[in-house]
Structure formats: C-alpha cells, structure tokens
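One structure below.
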Amino acid sequence: MISFDLKVGFSCCNNCQHCVITDKSHAGDVSTESLKKIMMQHSYADRIVITGGEATIRPDFIELLRFAKEDAKIPKVFLQSNGRAFHNKELAIAASKYLYSALIA
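Residue numbers (my numbering): 3 to 107.
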C-alpha cells in the first residue's frame, strides 16, 4: 500500500501545549493550486492523509477532499484533525462523502 501525507499548512484554531508545529505557525498555508498539483503527482497512491495545521479551517477544505477523491482518484482519503470544526453538521456531512477515516488528534 502506498500512502502519503499532505501537509496543507500551519494555520490552526487551537493552541495545544503538545503541538510540534507551534513554532511554524507563522509559515502560513499552501495554496489550493499547489496542493492540487501535489495530489496529482501522487495520484498513484492508495491513500492520502491530509494534515496541517488544521485542514478543516481552510475555506477550500471540502474542495480539497473532493479533488483528492474524484480528480486525483486516490481511493482512500484520511484526515488528521483536532475535530473542532465537525460541530458544524453541514461540514461533517460534506466531509463524510469523501473521507475514508479521520484521526482526531
């Protein structure tokens, strides 16, 4: 099985003491187009793990999930998240259409 992690950036809605990227939060996020290009370059993969920062706070979050599944045709889309955004029922339902699994960190 071929898997790859896609770090979408460093923005986050939490301030966890145990966070390993807090010192990089100033680095910003990767552009939507750059992330899509990376996904296409890895379209041979069996699975992708979308991670951040916090991917769910990006305005293009659902677009990225859809792109990974439908355009890059990566069979299994995983998410590593703090889970806070999933209190929004519409977001949770939309994400569930594309996610194979989510890990709440």
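Ideal placement from N, C-alpha and C gives every residue a C-beta, glycine not left out.
- Task: Pick helix, strand or coil for ILE50, following the three-state DSSP scheme.
- Result: The three-state reading of DSSP puts ILE50 in strand, counting E and B together.
- Message: Please report the straight-line C-alpha distance between SER103 and GLU92, rounded to a whole angstrom.
- Response: Each residue's alpha carbon lies about 17 Å from the other.
- Item | Member of ALA47, GLU56 and ARG60 whose CA lies at the smallest distance from the CA of ASN17 | Of ALA47, GLU56 and ARG60, the smallest CA-CA separation from ASN17 is found for GLU56.
- Query: Does the distance from the C-beta atom of LEU8 to that of ILE50 stay below 8 Å?
  - Reply: For LEU8 and ILE50, yes; Cβs fall inside 8 Å.
- Task: Note down, in chain order, each residue of its chain lying with its Cβ closer than 7 Å to the Cβ of SER45, except the 5 sequence neighbours on either side.
- Result: Excluding sequence neighbours, SER45 sits near ALA74, LYS75 and ILE76.
- Message: Assuming SER13 and ILE59 are in contact, meaning their beta carbons sit under 8 Å apart, how far apart are those beta carbons, in whole angstroms?
- Response: Contact annotation, SER13 with ILE59: C-beta distance approximately 6 Å; criterion of less than 8 Å satisfied.
- Message: Short of 7 Å in beta carbon distance, which residues of its chain neighbour LYS71, apart from the five on each side in sequence? Order them along the chain.
- Response: By the criterion of a C-beta distance shorter than 7 Å, LYS71 is surrounded in its chain by VAL79 and TYR100, once the five residues flanking it on both sides are discounted.
- Message: Quick check on SER83: buried or exposed, where buried means 16 or more other Cβ atoms within 10 Å of its Cβ?
- Response: Counting other Cβ atoms within 10 Å of its Cβ, SER83 reaches 16 or more and is therefore classed as buried.
- Item | GLY30 beta carbon less than 8 Å from that of GLY54 | Going by C-beta atoms, GLY54 is not nearer than 8 Å to GLY30.
- CA-to-CA distance, PHE6 to PHE88, given in whole angstroms: Rounded to whole angstroms, PHE88 to PHE6 spans 24 Å at the Cα level.
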